[in-house]
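Data first, discussion second: the structure below is written as structure tokens.
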Amino acid sequence: MKKIKAIAKTIALLIGGLLQLHTNCSAQVLDQIKNSFNQYEQESVQEKIFVHTDKSAYLPGEIIWFKIYNVDASLHKPINLSKVVYIDVLDHEQNAVLQAKIAMKNGAGSGSLYIPVSLNSGNYKLRGYTNWMKNFSADYYFDKTILIVNPLKTPEAVSRQAQAGYDVQFFPEGGNLISGITSKIAFKVTTPNGTGLDAYKGFIVDGYNDTVARFEPLKFGMGSFIFTPGANASYKAVIKPTSGNVITKELPTINSQGYTMQLKDNGGSQLEVIVNGAGIGSGEVYLFAHTRQIVKIAQSVSLNSGTASFIIDKIKLGEGVSHITIFNNAKQPVCERLYFKRPKQELLIDASADQPQYGIRKKVNINISAKNPAGDPLSANLSLSVFRVDTLEHVDRDDIMSYLWLKSDLHGNIESPSYYFKNVNTETDTALDNLMLTQGWRRFRWSNVLSDKPVTLNFLPEYNDHLITAKVVNTVTGHPAENVLVYLSVPGKRVQLYTSKSDSLGRLVFNTKQLFGSGEIIAQTNSERDTTYRIDVLSPFSEQYAKYNLPGLNLTPGIQKTLEEHSLAMQAQNIYAGNKIKQFYDPGVDSSGFFGKPYKTYLLDNYTRFTTMEEVLREYIREVNVVQSHKRYHIKVLNDRGFLDGDPLVMLDDVPVFNIDKVIAIDPLKVKKLEVIRERYYYGPSVQEGILSYTTYKGDLGGAEMDPHAVVLDYEGLQLQREFYSPVYDTDEAIKSRVPDFRNLLFWQPNVNISTAGKSQLTFYISDQTGKFIGLIQGLTPNGDAGSKYFTFEVK
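Residue numbers 14 to 809, in the working numbering, belong to the letters of the sequence shown in order.
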């Protein structure tokens, strides 16, 4: 008996050891996945951009006003990573017709785009992104559709490509169809303009043309059905729209082995994920769930007769879109689907006009308050637009909350994302899950994550200010030139000079500072040493484009009167208020040079005026000595310790002049001042033996000849912020003024700052337009709570 007990004890210890070993191996695999994922997430911080435009339909001659919000993609809190956001307006061929660089501060910025009369009528794509976001797919850029109608141009004919047939897609839950295993299949049918086809009936038929399943859409052309594919069988879908031709589409490939997954949500506090493996045998499967790249759940279960079941507590998942991925024993992702958890985190905005109805040119007070769902007041940064709605201008339902929580984490066009947040019920819950099933897309590739290789990043975040990038090429060999020092200057009365040394690929990065407005930039090497290089300044705008189908232009005869009214309003605004809509805020730039306070500043008007620069330098610039050697002029800078080595950096209106003979040739009568730095100066990768900075009266180089090797380009810096013009009718004289005021956009305020008390008030005046007006206010709290609010009033 003792011997039997000893054997039993030994067996129990062996089983326990095996179970412990199995548990340790499972935990090790999960830890490896989690560690690789966290490392990838830390190296590839993601940003999300949301752009609130004042409205969605415009005429040439009008202005697109917009507010930009930049948040951390994981937490939705305002992020101060990028100081510049790029705005493009693209046509249907993905050509940029309008572009701008917008300065950002603490995750917020605002700007405007004037629409030229050269644009054709049509739908356009407005998109926003940062330099850092260019490291990732253009699918992550913000985009929205805007309509531009040009009454002066005949609309272009719709291309045949735009009239392509319906797009039909099927999405097995988890990604795979396995013969003999019952699966849920989601489907999506979209029209040529990208909207869902809601009126159709569908049938699944086998190789014998027998109907084995039926389906029809629930919302936006999407739905789902349950299906069990047979072995060695093929199936096709037959779709019959209520109008149009019958559509046929093959179902996805049916495999004889592999994995499937099913997510069951009975409305309780838990989810069940069932994994089936066909032809797999036994083994371990792993479930990994993350919400916006924050790990939430990691579990392992052994397959039992080819099946494994995971129980997930909903409370462990983050709010919004979660990715649930199944891995096999080899750490390979085999199934994935998305799940949406409705956010409780929300900014509740209460905004209303002080009256339901107004007369023309009357004063309007808008009372605004912000609170959380518990009723506590919140501080927030908001933007407000008030405009007239009619047959051309409709209410834009894509608000900041539906974008951040839903659209920004999904692939492709999401039709009316705000629908899923309004009137929450069984139908919207089912429609939302259908939307999740038609995705299966992520912000990364698992192969890149699990390889533990450093993330490849080609674009730097513009953390301090705008970056200008360039490339230097050896004109003799045609190859990129390495270790070449290049100077980039912005001519003018404000000293702006930047330096950069090329890397092994010839790339240059210039860290500019408060570069606002349009002007010229000049890039050059030291022509006294380097004359065999070509400098190419690169565009900072993205050359990546997401696939999209812009809806065709649909102008009905009933819109003619509205177009005439909008056209008249636009013309009156440009004629009578043209100067006022062209006023810009002072950006408040630092006017001092990059070298700070100079050792000494010489105002040449305070001295005897000489006719040559050599006389000026010799007679009263004590910190320099002019010498001649081998028939060439040279300047030596003198300080308390003696002369510095070599010639100093000499700048004329910020442009370096390397040939001292040309410096001597400068006309002193055109120079206003000379600033002197008499110490060795280290600036970026360059070392300067002192600095002489000349500033002319006009900031135009005083007629001096540019170096022929220098590259001179027109360059648009950060956009100057335009002032929104809103007339004030606070006197009888103003009210009775005969100057017409046909504004459709009554008010635009990109910076509505709600204090910790949670309240604010804004005031503006009605124009001469009558009709129904709507106000849209939306924005964020410092904690990332998003919200929006509509209010209306009448003008008679």
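C-beta atoms are modelled at their ideal positions from N, C-alpha and C, and glycine is treated no differently.
Cutting at 6 angstroms between CB atoms, please list the residues of its own chain near residue i, excluding the five before and the five after it.
{"i": "Asn136", "result": "Thr158, Leu160, Leu563 and Pro564"}
{"i": "His35", "result": "A caution first: His35 carries a pLDDT of 49, below 50, which makes its placement in the model unreliable, though a value can still be read off. Excluding residues within five positions, none has a Cβ falling inside 6 angstroms."}
{"i": "Leu395", "result": "Val765, Ile790 and Gly792"}
{"i": "Asn206", "result": "Pro564 and Gly565"}
{"i": "Ser87", "result": "Arg305, Gln306 and Ile307"}
{"i": "Ile748", "result": "Arg374 and Tyr742"}
{"i": "Ala199", "result": "Phe184, Ser237, Asn447, Leu450 and Thr451"}
{"i": "Lys809", "result": "Thr783"}
{"i": "Gly530", "result": "Gly730 and Leu733"}
Can you look up residue i in the DSSP assignment and give me helix, strand or coil?
{"i": "Ile28", "result": "Annotation note: pLDDT 48 at Ile28 (below 50); position unreliable, coordinate value reported separately. DSSP places Ile28 in helix when its eight states are reduced to three."}
{"i": "Gly141", "result": "strand"}
{"i": "Val42", "result": "helix"}
{"i": "Glu556", "result": "coil"}
{"i": "Lys420", "result": "helix"}
{"i": "Pro356", "result": "coil"}
{"i": "Lys329", "result": "helix"}
{"i": "Ala582", "result": "helix"}
{"i": "Pro681", "result": "helix"}
{"i": "Ala151", "result": "helix"}
{"i": "Asp798", "result": "coil"}
{"i": "Val485", "result": "strand"}
{"i": "Ala175", "result": "Residue confidence is low: Ala175 scores 43 on pLDDT, short of 50, so the model does not pin down where it sits. No coordinate-derived value is stated."}
{"i": "Met414", "result": "helix"}
{"i": "Gly838", "result": "Beyond the ends of the chain as shown, which are 14 and 809, falls residue 838; an answer cannot be given."}
{"i": "Tyr546", "result": "strand"}
{"i": "Met719", "result": "coil"}
{"i": "Glu577", "result": "helix"}
{"i": "Met664", "result": "strand"}
{"i": "Asn83", "result": "strand"}
{"i": "Lys114", "result": "strand"}
Name the residue from the options whose alpha carbon lies nearest to the alpha carbon of residue i.
{"i": "Glu636", "options": "Asp412, Tyr154, Glu692 and Gln701", "result": "Glu692"}
{"i": "Val64", "options": "Ser57, Ser49, Lys80 and Pro661", "result": "Lys80"}
{"i": "Leu231", "options": "Leu445, Leu705, Ile373 and Pro430", "result": "Leu445"}
{"i": "Ser502", "options": "Val486, Leu94, Ile534 and Gly236", "result": "Ile534"}
{"i": "Pro504", "options": "Gly532, Thr488, Glu440 and Asp516", "result": "Gly532"}
{"i": "His303", "options": "Lys277, Gln283 and Ile339", "result": "Ile339"}
{"i": "Ser517", "options": "Asp152, Leu510, Asn496 and Gln537", "result": "Asn496"}
{"i": "Pro356", "options": "Ala343, Asn385 and Asn380", "result": "Asn385"}
{"i": "Met117", "options": "Phe149, Pro91 and Tyr352", "result": "Pro91"}
{"i": "Ile427", "options": "Gln701, Asp156, Gly215 and Leu111", "result": "Asp156"}
{"i": "Ala226", "options": "Ser196, Thr203, Leu210 and Phe323", "result": "Ser196"}
{"i": "Gln11", "options": "Leu726, Phe529 and Asn378", "result": "The question about residue 11 has no answer here: the residues shown for the chain are numbered 14 through 809."}
{"i": "Gln12", "options": "Lys214, Gly257, Arg631 and Val288", "result": "Nothing can be reported for residue 12: it is not among the residues displayed for the chain, which extend from 14 to 809."}
{"i": "Asn438", "options": "Ile267, Gly280, Glu807 and Glu729", "result": "Gly280"}
{"i": "Lys68", "options": "Asn133, Ala582 and Asp409", "result": "Asp409"}
{"i": "Tyr221", "options": "Leu657, Lys249, Thr204 and Thr203", "result": "Lys249"}
Take residue i and list the residues in its own chain whose beta-carbon comes closer than 8 angstroms to its own, dropping the five residues that flank it on each side.
{"i": "Ala678", "result": "Met626 and Ala717"}
{"i": "Ala585", "result": "Pro753, Asp754 and Phe755"}
{"i": "Val130", "result": "Pro73, Gly74, Asn163 and Leu165"}
Does the separation of the CB atoms of residue i and residue j fall below 8 angstroms?
{"i": "Ala311", "j": "Phe301", "result": "yes"}
{"i": "Tyr598", "j": "Gln734", "result": "yes"}
{"i": "Met664", "j": "Ser605", "result": "no"}
{"i": "Ile239", "j": "Ile252", "result": "no"}
{"i": "Asp478", "j": "Lys96", "result": "yes"}
{"i": "Cys348", "j": "Gly234", "result": "no"}
{"i": "Gly212", "j": "Thr273", "result": "Here the sequence assigns Ala to residue 212, which means Gly is not the residue at that position. The answer is no: Cβ separation not under 8 angstroms."}
{"i": "Asn638", "j": "Leu651", "result": "yes"}
{"i": "Ile76", "j": "Ile588", "result": "no"}
{"i": "Tyr694", "j": "Gly703", "result": "yes"}
{"i": "Gly296", "j": "Asn342", "result": "yes"}
{"i": "Phe786", "j": "Ser739", "result": "no"}
{"i": "Thr769", "j": "Pro390", "result": "yes"}
Under the assumption that residue i contacts residue j (Cβ atoms under 8 angstroms), give the Cβ distance between them as a whole number of angstroms.
{"i": "Asn83", "j": "Val98", "result": "6 angstroms"}
{"i": "Arg374", "j": "Ile779", "result": "6 angstroms"}
{"i": "Arg508", "j": "Asp667", "result": "It should be pointed out that residue 508 corresponds to Val in this sequence rather than to Arg. That pair is a contact at about 5 angstroms."}
{"i": "Gly519", "j": "Ala559", "result": "So it is not a contact: roughly 29 angstroms between Cβ atoms."}
{"i": "Ser392", "j": "Ile767", "result": "6 angstroms"}
{"i": "Gly697", "j": "Ser513", "result": "7 angstroms"}
{"i": "Gly800", "j": "Ile362", "result": "5 angstroms"}
Looking at chain D, is there any beta carbon in it that lies within less than 8 angstroms of the beta carbon of residue i?
{"i": "Ala244", "result": "The structure shown contains no chain D; it is built from a single protein chain."}
Skipping 5 residues on each side, what residues in its chain have a beta carbon closer than 7 angstroms to that of residue i?
{"i": "Ala113", "result": "Ile100, Gly124, Leu126 and Gln732"}
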